[in-house]
Amino acid sequence: MPVDPSTATLLIDGEWRAGASAFEVVDPATLEVVARAADAGPQEALAALDAACAAAPSWRETTAEDRATRLRAAASRVRARADELAALMTGENGKPLHEARGEIMGSARMLDWAAEEGRRADGRVTARAAGGPGLVLRSPVGPALAITPWNFPASMLVRKVALALAAGCPVIVKPAEQTPMIGTELVRLIAEAGELPPGVLQSITTTRPAEVVGALLADPRLRKVSFTGSTDVGLSLIRATEGHLRRTSLELGGHSPAIVFDDADLPAAAAAAAAAKFANAGQSCIAVNRLFVQRGVYEAFLPLLLERVAALRPGHGADEGTTLGPLIDFAGLDKVERHVADAVKRGATVAAGGRRWTPPPGEGARPGLTGAFYEPTVLTGADDSMLISSEETFGPVLPVYLFDDDDEAIERANATEYGLAAYVFGSGLARVWRAVDRLEFGIVAVNDAAPVRPELPFGGMKNSGQEREGGSEGIDAYLETKSVSMKL
Ligand code: NAD
Numbered sequence: 001m002p003v004d005p006s007t008a009t010l011l012i013d014g015e016w017r018a019g020a021s022a023f024e025v026v027d028p029a030t031l032e033v034v035a036r037a038a039d040a041g042p043q044e045a046l047a048a049l050d051a052a053c054a055a056a057p058s059w060r061e062t063t064a065e066d067r068a069t070r071l072r073a074a075a076s077r078v079r080a081r082a083d084e085l086a087a088l089m090t091g092e093n094g095k096p097l098h099e100a101r102g103e104i105m106g107s108a109r110m111l112d113w114a115a116e117e118g119r120r121a122d123g124r125v126t127a128r129a130a131g132g133p134g135l136v137l138r139s140p141v142g143p144a145l146a147i148t149p150w151n152f153p154a155s156m157l158v159r160k161v162a163l164a165l166a167a168g169c170p171v172i173v174k175p176a177e178q179t180p181m182i183g184t185e186l187v188r189l190i191a192e193a194g195e196l197p198p199g200v201l202q203s204i205t206t207t208r209p210a211e212v213v214g215a216l217l218a219d220p221r222l223r224k225v226s227f228t229g230s231t232d233v234g235l236s237l238i239r240a241t242e243g244h245l246r247r248t249s250l251e252l253g254g255h256s257p258a259i260v261f262d263d264a265d266l267p268a269a270a271a272a273a274a275a276a277k278f279a280n281a282g283q284s285c286i287a288v289n290r291l292f293v294q295r296g297v298y299e300a301f302l303p304l305l306l307e308r309v310a311a312l313r314p315g316h317g318a319d320e321g322t323t324l325g326p327l328i329d330f331a332g333l334d335k336v337e338r339h340v341a342d343a344v345k346r347g348a349t350v351a352a353g354g355r356r357w358t359p360p361p362g363e364g365a366r367p368g369l370t371g372a373f374y375e376p377t378v379l380t381g382a383d384d385s386m387l388i389s390s391e392e393t394f395g396p397v398l399p400v401y402l403f404d405d406d407d408e409a410i411e412r413a414n415a416t417e418y419g420l421a422a423y424v425f426g427s428g429l430a431r432v433w434r435a436v437d438r439l440e441f442g443i444v445a446v447n448d449a450a451p452v453r454p455e456l457p458f459g460g461m462k463n464s465g466q467e468r469e470g471g472s473e474g475i476d477a478y479l480e481t482k483s484v485s486m487k488l
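Following the UniProt record's numbering, the numbering of the sequence shown begins with 1 at its first residue and continues without gaps.
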């Protein structure tokens, strides 16, 4: 069978290639096929690693200023094509267009940040010692692999690529199989705008991630892996690296608590909690999964929250007015239904939603919305024994818990294997600070629904991951440290 050139989603050694076979990409709202992508195997992945190794010596010799110029050019190109890229993302991920556009603009900011931060990746001279000076040098760690998920298919990919390139590392990208097209398009655009030499930025799409990634992990020339995805796969990557060590950054699952203290601005807290839950239909690693409300303000807070939830408009992400897209697939929907059924069985009350969503009949309704839609849902009377209280739901369901005193809320918030993000709503400085200090999470948002900025390190504690992306820590993840002692 002749190779279909539209499936040429493999960028290897400067050349776009199709694979021996291809796989279909579907619109999760309609289940229609929107594209086909190359289905690479280990051979193509290893060819990319060969090219990365060949490119590494000259890429590390480029100046930080040169790399910054290339990254800024890529940022401008991303901004100029934001609408088109957002539409591409919505077509395969399902999120509302305005969210997709926000993610694209955030990705451009990340490219700019990495461009600037790469110029500050300097070392130091130590205090005078006998003999001569001591130096601390930083150098690129070497060829890197970036494995990214479908839920934020642009920002997760760009974050890794931008920091790796800024640090002087060639990088191979492996986007999620549900969303290969936006990842591939971003790789194309960054490579072209940045006029990157062959092998510096490459892309591998595949439906066989374990096999393809396994082949790369078995090769000690791969010096760095940066993974964003589930905790189970993240742990398997650590286990797969046998016989040699390599730098590994993991951004894994979360189970974010939000605490509403009784001195919070309640309308603002309700708006922020709803935003932090229902963005991307709840399929976010930093989505609020447990909402703790102080007993004294519960009666006033709940109607404000329900009002926000009632205002959400499910539908196709590309349609005007849609604020809630579908889940990525029916496996995700099954998990949501399992969590809701278990919570109800254990005494929770469905205060909003609680069912699969189907489009209301009527004029102007878009036909064919057969994807995995679920109504925006609020459960009251939740308790810590429910499945939803310990497992990441990854869907549009918000369980609400009551608490009496601050320490109890903090303790229950911390009672999870995860430690990615936590939200605090309140106004008393002392109690807010106490919560910030005691919460065991890599990210704490105070009266804020969107705690992601390029300037801030992003990442989790406990089973939510290791290392950070963003902030000055982000570039550290791609640099080795060398100590030099001199006797001159
Ligand atoms: P996933 O782990 O199934 O997939 C993520 C990536 O890993 C994909 O590219 C996939 O192809 C690849 N992959 C799958 N199996 C693999 C294997 N055996 N070896 C190597 N690579 C493999 O996760 P998902 O369901 O697509 O994404 C959702 C998860 O990601 C959630 O748990 C979410 O919380 C987490 N997430 C975390 C962050 C963060 O920054 N901490 C951000 C977004 C998503």
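The C-beta atom is built at its ideal place from N, Cα and C for all residues, glycine as well.
Are there any heavy atoms of the ligand NAD lying less than 6 Å away from the beta-carbon of S230, as far as the coordinates show?
Position 230 of the sequence shown holds residue 230. Because some heavy atom of the ligand NAD lies under 6 Å away, the Cβ of S230 counts as near it: yes.
Near Y478, what residues of its chain come up, given a Cβ to Cβ distance below 7 Å and the 5 sequence neighbours on each side ignored?
Reading the sequence shown from its first residue, position 478 is the one you call residue 478. Taken in chain order, the residues that qualify are P140, V141, A144, L163, A164, A167, C169 and K224.
Coarse secondary structure for A204, derived from DSSP in three states
The residue given as residue 204 occupies position 204 in the sequence shown. Reading off the sequence, residue 204 comes out as Ile, not Ala. I204 falls in the coil class under three-state DSSP.
Is any heavy atom of the ligand NAD found at a distance shorter than 6 Å from the C-beta of E24?
As a working note, residue 24 is residue 24 in the sequence shown. Result no, Cβ not under 6 Å from the ligand NAD.
Pick from L88, G131, I147 and A73: whose alpha carbon is nearest that of residue 489?
The structure shown has nothing for residue 489, since the chain only spans 1 to 488.
Tell me, which residues are paired with I12 by DSSP?
Translated into positions along the sequence shown, residue 12 becomes position 12. DSSP lists E15 as partners of I12.
Taking 6 Å as the line, does the beta carbon of E299 fall inside it for any heavy atom of the ligand NAD?
Here residue 299 corresponds to residue number 299 of the sequence shown, with the count starting at 1. Incorrect: E299 has no Cβ contact closer than 6 Å to the ligand NAD.
Taking the C-alpha atoms as reference points, what is the distance between A271 and Y423?
Position 271 of the sequence shown, counting from 1, holds the residue named residue 271. Position 423 of the sequence shown, counting from 1, holds the residue named residue 423. Cα to Cα, A271 sits roughly 13 Å from Y423.
With 16 other CB atoms within 10 Å as the buried threshold, where does A80 fall?
As a position in the sequence shown, residue 80 is number 80, starting the count at 1. With fewer than 16 other Cβ atoms within 10 Å, it is exposed.
For the segment 294-355, list the beta strand (DSSP E) runs that are entirely contained and at least 3 residues long, ordered along the chain.
349-352
Distance between A40 and I388 (C-alpha atoms, nearest Å):
Position 388 of the sequence shown holds residue 388. Position 40 of the sequence shown holds residue 40. Between the alpha carbons of I388 and A40 lies a distance of about 37 Å.
Beta carbon of T207 nearer than 7 Å to that of F330
Taking the first residue of the sequence shown as position 1, residue 207 is located at position 207. Taking the first residue of the sequence shown as position 1, residue 330 is located at position 330. Not closer than 7 Å, so no.
So the candidates are G362, F292, A154 and R246; which of them puts its Cα closest to the Cα of R412?
In the sequence shown, residue 412 corresponds to position 412, counting from 1. If we check each option's Cα against that of R412, F292 comes out closest.
Please report the distance separating the alpha-carbon of V161 from that of Q43.
By 1-based counting over the sequence shown, the position of residue 161 is 161. By 1-based counting over the sequence shown, the position of residue 43 is 43. If you take the alpha carbons of V161 and Q43, they lie about 22 Å apart.
Would you give the residue range spanned by the beta strand (DSSP E) that E251 belongs to?
Here residue 251 refers to the residue found at position 251 of the sequence shown. Per DSSP, E251 belongs to the beta strand (DSSP E) from R247 to E251.
Enumerate in chain order the residues of its own chain whose CB-to-CB distance from S284 is below 7 Å, with the five nearest sequence positions on each side excluded.
Taking the first residue of the sequence shown as 1, we reach residue 284 at position 284. The residues are N151.
Beta-bridge pairing of A35 - partner residues as DSSP gives them:
On the sequence shown, residue 35 is found 35 positions in, with the first residue counted as 1. Note: A35 sits in a beta bridge opposite V25.
Closer than 7 Å to chain D by CB, P457:
Judged by its chain identifiers, the structure shown contains no chain D, having just a single protein chain.
Write down every uninterrupted run of the beta strand (DSSP E) in the segment 147-178 whose length is 3 residues or greater and which is fully enclosed by it, in chain order.
Runs of the beta strand (DSSP E) inside the segment 147-178: 171-174.
So which of R438, R431, G419 and V432 has the shortest CA-CA distance to G465?
Translated into positions along the sequence shown, residue 465 becomes position 465. Among R438, R431, G419 and V432, the Cα nearest to that of G465 is on G419.
Please say whether P396 and A311 have beta carbons closer to each other than 7 Å?
On the sequence shown, position 311 is the one that residue 311 refers to. On the sequence shown, position 396 is the one that residue 396 refers to. With respect to P396, A311 sits apart: the two C-beta atoms are not nearer than 7 Å.
Per DSSP, which residues does M461 bridge with? Please list them.
Here residue 461 is taken as the residue at index 461 of the sequence shown, counted from 1. Beta-bridge analysis with DSSP links M461 to G419.
Pull up the distance between the alpha-carbon of V260 and that of T370, whole angstroms please.
Translated into the one-based positions of the sequence shown, residue 260 becomes position 260. Translated into the one-based positions of the sequence shown, residue 370 becomes position 370. Each residue's alpha carbon lies about 37 Å from the other.
Any heavy atom of the ligand NAD closer than 6 Å to the CB of A210?
As a first step, residue 210 is located in the sequence shown; it is residue number 210 there, counting from the start. Judged by the Cβ position, A210 qualifies as a neighbour of the ligand NAD at the 6 Å threshold, a heavy atom of the ligand being closer than this.
Under a three-way DSSP split, which group does F278 fall into?
Sequence index remark: in the sequence shown, residue 278 carries index 278 (1-based). In the structure shown, F278 sits in a helix (DSSP, three-state: H, G or I).
Roughly how many whole angstroms lie between the Cα atoms of G426 and A100?
As a working mapping, residue 426 is identified with position 426 in the sequence shown. As a working mapping, residue 100 is identified with position 100 in the sequence shown. Rounded to the nearest angstrom, the two C-alpha atoms are 30 Å apart.
D122 burial status per 10 Å Cβ neighbour count (16 or more: buried):
Here residue 122 is taken as the residue at index 122 of the sequence shown, counted from 1. The residue in question, D122, is exposed, as its Cβ has fewer than 16 Cβ neighbours within 10 Å.
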